[in-house]
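S.K.: Okay, here's the structure, questions in a sec.
Chains as they are written, first to last, in our numbering: chain A, -4 to 356; chain B, 24 to 323.
Next up, the structure:
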């Protein structure tokens, strides 16, 4: 039970003198609230597991500090930090029963027997493991084994945080949904801080109240799923979250206008004069671009194909050399291979060198 | 489904039949044949039925007495060897480095005793332990221990056991090391997270994961020590008296010393059978050790 602060935390696997660009985790400063459900989201190799291992103490940071409730715990070993972690592949102790597995973290810390029993029963109950408590853990399925791993992570009531490192990788898709909702329920019930690492946006967005998106060793944005969707702070977030991802189009922006190939798109905010020498792009989610019949006021695009996702149809179009996705409005049928694009100005964002530029209302 | 009939396939199986026949079945059958007969030389044989086997298992006869005494010594020897080499091998494996150049160095040093021919090992220790010119014997005697493996039973036993430990602990250590290396890091990390002590890590992770290789180590060491011949023969020649005469040494005495082919053949078969049975029991017990235990009440 603690607030976790990271202060200028960085990790290099090539020694501290290596250039900053090669760091697996570039310096990050952030705060994790007590009781929050966080997801660390990013592609493989973006440094999310490194960040997790730094918090749990499996890896000692090259730079920076980690504070639990203001107390510097950076030099402490994993055992001494009050942290639980669940790994990608199930780790179970072969010689023990399911119950003994769950009790192991408590027994090692000298918790009284009555309390251990009560806690193990509670966790087994929450994870539907009660019928197996007296069974050997070795002969169970991968799903059940991973549940035991999850259980061992959740069994201690006094932990500063429970860290999950892609814990549902080995689980069947069907059960994944159940376990994820279960974790969410457990989070509410047990009032634990949970940090969940994943590269699956659905998993992150459904589990967490705060999603932290990482890219190339950096935290690029942290916010609620809605914030990440509506207002990505970095083109990577726009592109990585959402399916299809955000359209990123090179443009010239000044004042209330963006120009693509000479065509003017109105903007909701005033961007004044943007600094020269930066790569200026506009980003807009496919959900906020509609295709319509070609008209003189609209940006005309070539239709390449239509993706039918059942509920909604997306047109894959091309403007010049830039590919975009746009929504096909209900009742509109595409004819011919050119269309006009209708932008919703409230959701068109401007990026300079990939970072969001806040306009003036 | 139709079965393909291809008589030519027999030509592919035939070499295996021949090799197995000449390498295993025929020699073994010769021994079975001898074990039922008596001979006075001159290639004359007389049918003796199970007579040799009866004599072999009856302690009151000369043959039975010698066999059962050497069998007892051999079982005791194997038990002592296993009791020392298995725990020692585990300890050595646990204390070996996990990465860096020192791994290669350790592996080479460990492998050295395994590469020395057995009679050379015997010769090394025979000389090493001599009270007059051997380093070990000389030093021990000068420190006030009256050590002499030629005249003292206990000294002879200690020498043979220490020699075997020196020769074969490496094998157990190497097998255990391989077993330890195959444990994924996640297990150690999880144990750290779970606050496990060093001892708990050993008991909950390392020992169970070494289960398989330990089974192999125990089987190999049991078979080898139960069949031991060369090293004790070179060092003590089975003496003083008969105190280090193991079954194989007794067997060679009967077969080649006395040329009692029938007795020797019967002894070989029983010897072989004992090894098979003991190995089977070991294997069954150790492979089942890790499976379902009877359900304990209230073991949460």
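No residue lacks a Cβ here, since even glycine has one placed at the ideal position from N, Cα and C.
This one's a predicted model, so the numbers in the text were calculated from it and none came from an experiment.
Name the one or two DSSP bridge partners that residue 69 (chain B) has.
M.R.: The residue labelled residue 69 (chain B) in the question sits at position 46 within the second chain. DSSP output for residue 69 (chain B) lists B:61 as bridge partner(s).
S.K.: Would residue 343 (chain A) and residue 223 (chain A) be called neighbours here (beta carbons separated by less than 7 Å)?
M.R.: Here residue 343 (chain A) is taken as the residue at index 348 of the first chain, counted from 1. Here residue 223 (chain A) is taken as the residue at index 228 of the first chain, counted from 1. The answer is no: Cβ separation not under 7 Å.
S.K.: Output the boundary residues of the alpha helix (DSSP H) element that contains residue 299 (chain A).
M.R.: For the purposes of this step, residue 299 (chain A) is taken as the residue at position 304 of the first chain. That residue, residue 299 (chain A), is in no alpha helix (DSSP H); its beta strand (DSSP E) goes 294 to 303.
S.K.: Given a cut-off of 7 Å, decide if residue 144 (chain A) and residue 100 (chain A) are closer than it, judged by their beta-carbon atoms.
M.R.: Sequence index remark: in the first chain, residue 100 (chain A) carries index 105 (1-based). Sequence index remark: in the first chain, residue 144 (chain A) carries index 149 (1-based). Cβ distance not < 7 Å, so residue 100 (chain A) and residue 144 (chain A) don't count as in contact.
S.K.: Scan the stretch 261 to 333 of chain A and note each continuous beta strand (DSSP E) run of 3 residues or more that stays entirely inside, going in chain order.
M.R.: Correct list: 275 to 279, 284 to 287, 294 to 303, 308 to 314, 317 to 323.
S.K.: Quick check on residue 74 (chain B): does DSSP put it in helix, strand or coil?
M.R.: Here residue 74 (chain B) refers to the residue found at position 51 when the second chain is read from its first residue. Reduced to three states, the DSSP call for residue 74 (chain B) is helix.
S.K.: Is the Cβ of residue 110 (chain B) closer than 7 Å to any Cβ of chain A?
M.R.: Taking the first residue of the second chain as position 1, residue 110 (chain B) is located at position 87. Judged by the 7 Å Cβ criterion, residue 110 (chain B) is not in contact with chain A.
S.K.: Does any CB atom of chain A fall closer than 7 Å to the CB of residue 255 (chain B)?
M.R.: One-based indexing of the second chain puts residue 255 (chain B) at position 232. Not one chain A Cβ lies under 7 Å of residue 255 (chain B).
S.K.: Residues of the stretch 72 to 92 of chain A with a CB closer than 8 Å to any CB of chain B: list them in chain order, please.
M.R.: For the stretch 72 to 92 of chain A, which is checked against every Cβ of chain B, the residues closer than 8 Å are 72, 73, 74, 78, 79, 80, 82, 83, 84, 86, 88, 89, 90, 91, 92.
S.K.: Would you mind sorting residue 137 (chain B) into buried or exposed? The rule is 16 or more other CB atoms within 10 Å of its CB.
M.R.: Indexing the second chain from 1 puts residue 137 (chain B) at position 114. The residue is exposed, with fewer than 16 neighbouring Cβ atoms inside 10 Å.
S.K.: Any idea what DSSP makes of residue 243 (chain A), helix, strand or coil?
M.R.: Position 248 of the first chain holds residue 243 (chain A). Looking at residue 243 (chain A) - three-state DSSP - the assignment turns out to be strand.
S.K.: Which of helix, strand or coil does DSSP assign to residue 34 (chain A)?
M.R.: If you number the first chain from 1, residue 34 (chain A) lands on position 39. Strand at residue 34 (chain A).
S.K.: Would the stretch 318 to 336 of chain A count as touching the stretch 282 to 295 of chain A if we require 3 or more Cβ pairs under 8 Å?
M.R.: Touching, yes.
S.K.: Grouping DSSP H, G and I as helix and E and B as strand, with all else coil, what is residue 165 (chain B)?
M.R.: Working through the second chain from its first residue, we reach residue 165 (chain B) at position 142. If DSSP states are grouped into helix, strand and coil, residue 165 (chain B) belongs with the helices.
S.K.: Select from the stretch 43 to 76 of chain A all residues with a C-beta closer than 7 Å to any C-beta belonging to chain E, and list them in chain order.
M.R.: Given the protein chain composition of this structure (A and B), no chain E is represented.
S.K.: Any C-beta of chain B sitting closer than 7 Å to the C-beta of residue 162 (chain A)?
M.R.: Start at 1 with the first residue of the first chain, and residue 162 (chain A) comes out as number 167. No - not a single Cβ of chain B is within 7 Å of the one on residue 162 (chain A).
S.K.: At 7 Å on the CB atoms, spell out the chain B contacts of residue 309 (chain A), in chain order.
M.R.: As a first step, residue 309 (chain A) is located in the first chain; it is residue number 314 there, counting from the start. Correct list: empty, because the minimum Cβ distance to chain B is about 40 Å.
S.K.: Excluding the five sequence neighbours on either side, which residues of its own chain have a C-beta within less than 8 Å of the C-beta of residue 262 (chain B), listed in chain order?
M.R.: The residue labelled residue 262 (chain B) in the question sits at position 239 within the second chain. The answer, listed in chain order, is 173, 179, 268.
S.K.: Along the beta strand (DSSP E) that carries residue 191 (chain A), what are the first and last residues, could you check?
M.R.: As a first step, residue 191 (chain A) must be located in the first chain, where it is residue number 196. That run of the beta strand (DSSP E) goes 189 to 193.
S.K.: May I ask you to report which of helix, strand or coil DSSP gives residue 139 (chain B)?
M.R.: In the second chain, residue 139 (chain B) corresponds to position 116, counting from 1. It is coil, neither helix nor strand.
S.K.: Please confirm if residue 217 (chain B) has its CB atom under 7 Å from at least one CB of chain A.
M.R.: Along the second chain, one-based indexing puts residue 217 (chain B) at 194. Taking Cβ atoms only, chain A reaches closer than 7 Å to residue 217 (chain B), which makes this a yes.
S.K.: Is the stretch 25 to 36 of chain A touching the stretch 191 to 205 of chain A in the sense that three or more CB pairs, one from each, lie closer than 8 Å?
M.R.: Yes, they touch.
S.K.: The alpha helix (DSSP H) that contains residue 25 (chain A), what's its start and end?
M.R.: Sequence index remark: in the first chain, residue 25 (chain A) carries index 30 (1-based). Per DSSP, residue 25 (chain A) belongs to no alpha helix (DSSP H); it is in the beta strand (DSSP E), 20 to 27.
S.K.: From residue 85 (chain B) to residue 289 (chain B), what distance separates their C-alpha atoms?
M.R.: Numbered from its first residue, the second chain carries residue 85 (chain B) at position 62. Numbered from its first residue, the second chain carries residue 289 (chain B) at position 266. Roughly 14 Å between the two C-alpha positions.
S.K.: What first and last residue would you give for the beta strand (DSSP E) that runs through residue 216 (chain A)?
M.R.: The sequence position of residue 216 (chain A) within the first chain is 221, counting from 1. Counting along the chain, the beta strand (DSSP E) containing residue 216 (chain A) begins and ends at 213 to 218.
S.K.: Could you list the residues in the stretch 100 to 131 of chain A with a C-beta less than 7 Å from some C-beta on chain B, going in chain order?
M.R.: Those would be 100, 103, 104, 112, 115, 116, 128, 129, 131, in chain order.
S.K.: Identify each residue in the stretch 130 to 147 of chain A for which the Cβ-Cβ distance to at least one residue of chain B is less than 8 Å, and report them in chain order.
M.R.: Per Cβ criterion, the list reads 130, 131, 133, 134, 144, 147.
S.K.: Please tell me whether residue 310 (chain B) has its Cβ less than 7 Å away from any Cβ of chain A.
M.R.: On the second chain, residue 310 (chain B) is found 287 positions in, with the first residue counted as 1. Closer than 7 Å: no.
S.K.: Can you tell which of B:209, B:73, B:41 has its C-alpha closest to the C-alpha of residue 293 (chain B)?
M.R.: Residue numbering aside, residue 293 (chain B) sits at position 270 when the second chain is read from its first letter. Of the candidates B:209, B:73, B:41, the one whose C-alpha sits nearest the C-alpha of residue 293 (chain B) is B:73.
S.K.: Strictly below 8 Å CB to CB, what residues from chain A border residue 213 (chain B)?
M.R.: Along the second chain, read from residue 1 onward, the residue named residue 213 (chain B) stands at position 190. Those within 8 Å of residue 213 (chain B) in chain A are 80, 82, 86, 144, 147.
S.K.: Tell me which same chain residues have a C-beta within less than 7 Å of the C-beta of residue 90 (chain B), skipping the five on either side of it?
M.R.: Here residue 90 (chain B) refers to the residue found at position 67 of the second chain. Contacts found: 79, 273, 290.
S.K.: Tell me whether residue 182 (chain A) sits in a helix, a strand or coil according to DSSP, three-state version.
M.R.: Working through the first chain from its first residue, we reach residue 182 (chain A) at position 187. The answer is helix: DSSP assigns residue 182 (chain A) an H, G or I state.
S.K.: Using a C-beta cutoff of 7 Å, does residue 201 (chain B) count as contacting chain A?
M.R.: Here the question's residue 201 (chain B) lines up with position 178 in the second chain. By this cut-off, residue 201 (chain B) is not an interface position.
S.K.: May I have the straight-line CA-CA distance separating residue 75 (chain A) from residue 218 (chain B), to the nearest angstrom?
M.R.: As a position in the first chain, residue 75 (chain A) is number 80, starting the count at 1. As a position in the second chain, residue 218 (chain B) is number 195, starting the count at 1. Taking the straight line from one Cα to the other gives about 8 Å.
S.K.: Could you check if residue 27 (chain B) is buried or exposed, using at least 16 other CB atoms within 10 Å of its CB as the buried criterion?
M.R.: To locate residue 27 (chain B), count along the second chain from 1; it is residue 4. By the neighbour-count rule (16 or more Cβ atoms within 10 Å), residue 27 (chain B) is not buried but exposed.
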